[in-house]
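Okay, so the sequence shown: first residue is 1 according to our numbering, each after it adds one.
In this text, a Cβ means the ideal position worked out from N, Cα and C, and glycines have one as well.
Fair warning: this is a prediction, and the values are worked out from it, not measured in the lab.
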Amino acid sequence: MGASSSKRSKPSAPLELYMSKHSPTSRAVWFYFVQNNLPLELKVLDLQKGESKSEEFTRLNPHQCVPFLKDGDTLVGESQAIIRYVAHRYTNFAGLGDGNVKNPNWALIAKIDATICWLHTELYRDLFGKFIGPALFGMGPESARDQVVEDGEKRVRKHLDTLEKVYLEKTDFLVGSHATVADVFCAEFVSLLELKAFDFSSWPKVQAWFRRMKLLDHWAELHEEHRAMAKHFSGVEPEQPEPPKQEPPPAAAAASEAKEEEKPSEEKPTEEKPSGEEQPATQEEKPAEEKPSEEKAPEEKPSEEKAPEEKPSEEKPSEEKPAEEPTADEKPAEGEA
Ligand SMILES: N[C@@H](CCC(=O)N[C@@H](CS)C(=O)NCC(=O)O)C(=O)O
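Below is the structure:
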């Protein structure tokens, strides 16, 4: 990954992201785009209806899977490659290092990258390919399924031990004190365990980290469909923590203090923001030695609102058939196994 000394500007036209809100790799890319205020046009495919296999989509992506990016004439497949492309081109490597473009912290960059590799080739392979996939989506031969799922769950528990004792032992996020792209992928993969109402209580650091991730801006709204799907499968809607109340700004505080004089029984909010909320996941960080003349590109509002919205599945959970949805994940997962 090369580093550049000049700041990148945001895309002039919306990035077209082909995705499914039930796909963890799609959600990772979507979350990254929204976190980084990239102009975005969502192209939501209904995988159950075979829309990833349509002629039109196959012409764009012969691999017939999402996520997939169209940025003008540039076509990019694979979730990791999409994020790296966007990070190189538009976000000054947000979430993939410390944002210091002149003097990159290579050790940090390598650690984030290595973590992303581990997550995809080990955690996700076992978590989806050997546990959630066979258990909920009928992956693999039926005769061996129980054994595969039992073995897969053991592997997942071992990976959660690794997250607890290695990655999160001393830090709030997988690679240091800020959320990075590694955290985004990991949180999306771990969220699949919610389809089985998995009990994380044996891994308190993982549990606290996952909660921290869920408190990041935009997590709640980007995971509405996921929560509905989890409820559909497990009967339990995953917890979406409420953001803690913030201290009112000084002017408002003064006003409320005046009111408190009238009503002495009312208490001032004292709750503190958790560290995870203070640090927007993966957002471009401002390098200390950034030249003042290098102005940040004007922030554009993500055009996500314009995207064709799927009907919130909470309304009609029985009509959904998410069980068939992530089937293409079977291919890479089985291939890797
Ligand atoms: N390695 C790919 C995985 C992509 C993938 O398997 N996507 C699934 C959804 S999670 C898909 O598009 N499946 C197509 C289908 O089920 O028709 C990535 O990281 O982007």
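By alpha-carbon distance to P14, the top candidate from Y90, Q80, S79 and L47 is Y90. A straight line joining the alpha-carbon of K130 with that of Y124 spans about 9 Å. Contact between F210 and V184 is absent: CB atoms are separated by about 12 Å, not below the 8 Å threshold. In the same chain as S201, and ignoring 5 residues on each side of it, the C-beta atoms closer than 8 Å to its own belong to Q207, in chain order.
Taking a contact as a CB-CB distance under 8 Å, the pair K205 and L168 counts as one, their CB atoms being some 4 Å apart. Taking 9 Å as the cut-off, the beta carbon of V76 is found no closer than this to the beta carbon of L45. In this structure E164 is in contact with W203, their Cβ atoms being roughly 5 Å apart against a cut-off of 8 Å. The C-alpha of Y18 lies about 9 Å from the C-alpha of S52. Counting other Cβ atoms within 10 Å of its Cβ, G72 stays below 16 and is therefore classed as exposed. The beta carbon of F57 is closer than 6 Å to none in its chain, skipping five residues each way along the sequence.
Shortest Cα-Cα distance from G235 to any of K196, L42 and V149 involves K196. Distance from the CA atom of L47 to the CA atom of S20, rounded to whole angstroms, is 7 Å. Restricting attention to L160, I132 and G95, the CA atom closest to the CA of V34 is found in G95. In this structure, the C-beta of C117 stays at least 8 Å away from each heavy atom of ligand 1.
The Cβ atoms of L215 and W30 do not sit closer than 9 Å to each other. The shortest C-alpha to C-alpha distance from R157 to any of N100, N37, T121 and L127 is the one to L127. Placement of the Cβ of C65 at a distance of less than 8 Å from at least one heavy atom of ligand 1 is found. For V149, no beta strand (DSSP E) segment is defined; the enclosing uninterrupted segment is the alpha helix (DSSP H) at R145 to T162. Annotation for G152: D126, K130, F131 and P134 place their beta carbon closer than 7 Å to its own, counting only its chain and skipping 5 residues before and after. Look at S52: its beta carbon is less than 8 Å from one of the heavy atoms in ligand 1. A check of alpha carbon separations from A230 across T74, F93 and L136 identifies L136 as the nearest. In the DSSP annotation of this structure, the continuous segment of the alpha helix (DSSP H) that includes M213 starts and ends at P204 to K214.
Within the model, the alpha-carbon separation for K170 versus R59 is close to 47 Å.
F173 is bridged by DSSP to G176. Each of P250, A182 and D161 was checked against the Cα of F93, and the nearest Cα belongs to A182.
Every unbroken stretch of the beta strand (DSSP E) spanning 3 or more residues and falling wholly within the stretch 31-102 is given here in chain order: 40-44, 68-71 and 74-77. A direct Cα-Cα distance of roughly 38 Å separates Q147 from I109. Counting along the chain, the unbroken beta strand (DSSP E) around M19 starts and ends at L15 to M19. Residue burial annotation: D161 is exposed, with fewer than 16 other C-beta atoms found within 10 angstroms of its C-beta. Burial of D113 is indicated by the presence of at least 16 other C-beta atoms within 10 angstroms of its C-beta. Judged by DSSP in its simplified three-state form, G129 adopts helix.
Counting only the Cα atoms, S143 lies some 48 Å from P244.
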